[in-house]
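Shown next, in structure tokens, is the structure this report addresses.
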Amino acid sequence: MVRKNSNLDNSSTGGAADEIKTELSRLKAKLKASKRKKPKTIPKSTPKKITVKKKATKKQAEAKKKAAKKQAEAKKKAAKKQAEAKKKEAKKQAEAKKQAEAKKQEEAKKQEEAKKKAEEEAKRTYEEELEEQLTEEQITDFQIHKTDMDKLINHVCEIVATYGNNGIHQSDLWKKLKLTSRDGSRLALKLERMGLITREKILLKGRWTYKLIIVKSPIGTDSLSGAPCLVCPVESKCSLDGEISPKTCQFIEDWVLIELKTKK
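Going letter by letter, the sequence shown gives residues 1114 to 1377 in this note's numbering.
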């Protein structure tokens, strides 16, 4: 009995030893494993005051950054606006310059036209106006009241003939005959249509006028006895504007030439 109990004690003691060994091995393994792991660093606790200050500094920096960004954007926007305004002003000035140039050219054109017109008007004579206003019949049938036109025409031709091919200024002739400029001009047109004189346009003392040159010298009344018209067989059909006309009559031309030779 004693021996049996002794065996039981031995077995109990052996089991406890095994458990201790097992637990010891587990603890060793755990210790070994813990040594392999890096130790966790525990952050030092920051005082509350430092944290608040840091947050305020960060907030201030962000606000400053934000203000700088806003200022940069505003500056950029202002520069852009200024550039656009400058561009707009330059465009406006270019358009104004273009308009001014166009206006200047238009004014120059008007002045040139006015100058040209004035020159044309200056060249335009009273006789040219009369020729536009009067018909051929009015020119050829011109009469001066209470004046013997045949006698006047002969007298004019005699005076003009004395100046030969050099001619006489019509204004000087009208003064000699004491005729008005209107009557004198119409008379000159009549004489030209009759083929007795030619009118040469000239510039005299800044004004355009005419120089009268004789074509056919006048025939005196003493030689009318030899005039072909008195014995002309077609005298009844003769007229200034007809097919048979003193303007184109060969008989009259031959007669005038004979008279000129006789007069010389």
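The beta-carbon is built from N, C-alpha and C at its ideal position, and this holds for glycine as well.
Which of helix, strand or coil does DSSP assign to residue i?
i: Glu1245; result: helix
i: Arg1295; result: helix
i: Ile1357; result: coil
i: Phe1364; result: helix
i: Thr1170; result: helix
i: Thr1253; result: helix
i: Val1115; result: Residue placement at Val1115 cannot be trusted, given a pLDDT of 44 that sits under 50; what the coordinates show is reported in the next sentence. Three-state result, Val1115: helix.
i: Arg1306; result: helix
i: Thr1135; result: helix
i: Ser1349; result: helix
i: Leu1121; result: With a pLDDT of 48 at Leu1121, under the threshold of 50, the predicted position of this residue should be treated as unreliable, though the coordinate-derived value follows. The answer is helix: DSSP assigns Leu1121 an H, G or I state.
i: Gly1277; result: helix
i: Thr1164; result: helix
Identify the continuous alpha helix (DSSP H) that holds residue i and give its terminal residues.
i: Ile1266; result: Met1262 to Ala1274
i: Lys1325; result: A small correction: the amino acid at residue 1325 is Leu; Lys does not occupy that position in the sequence shown. No alpha helix (DSSP H) contains Leu1325, which is instead part of the beta strand (DSSP E) from Arg1320 to Ile1327.
i: Lys1259; result: Per DSSP, Lys1259 belongs to no alpha helix (DSSP H) and is neither H nor E.
i: Leu1343; result: Where Leu1343 is concerned, there is no enclosing alpha helix (DSSP H), given that its DSSP letter is neither H nor E.
i: Ser1284; result: Gln1283 to Leu1290
How about residue i and residue j: do their beta carbons lie closer than 8 Å?
i: Asp1328; j: Gly1308; result: Asp is not the amino acid found at residue 1328; the sequence shown has Val there. Yes, Cβ-Cβ distance for Val1328 and Gly1308 is below 8 Å.
i: Leu1300; j: Leu1292; result: yes
i: Leu1290; j: Val1269; result: yes
i: Gln1283; j: Tyr1323; result: yes
i: Pro1341; j: Phe1364; result: yes
i: Ile1266; j: Leu1304; result: yes
i: Ile1310; j: Val1273; result: yes
Tell me where the beta strand (DSSP E) around residue i begins and ends.
i: Leu1316; result: Ile1310 to Leu1317
Rounded C-beta distance between residue i and residue j? I'm assuming under 8 Å.
i: Arg1306; j: Thr1253; result: 5 Å
i: Glu1313; j: Gly1280; result: 6 Å
i: Ser1349; j: Ser1358; result: Wrong, their Cβ atoms sit about 13 Å apart, outside the cutoff.
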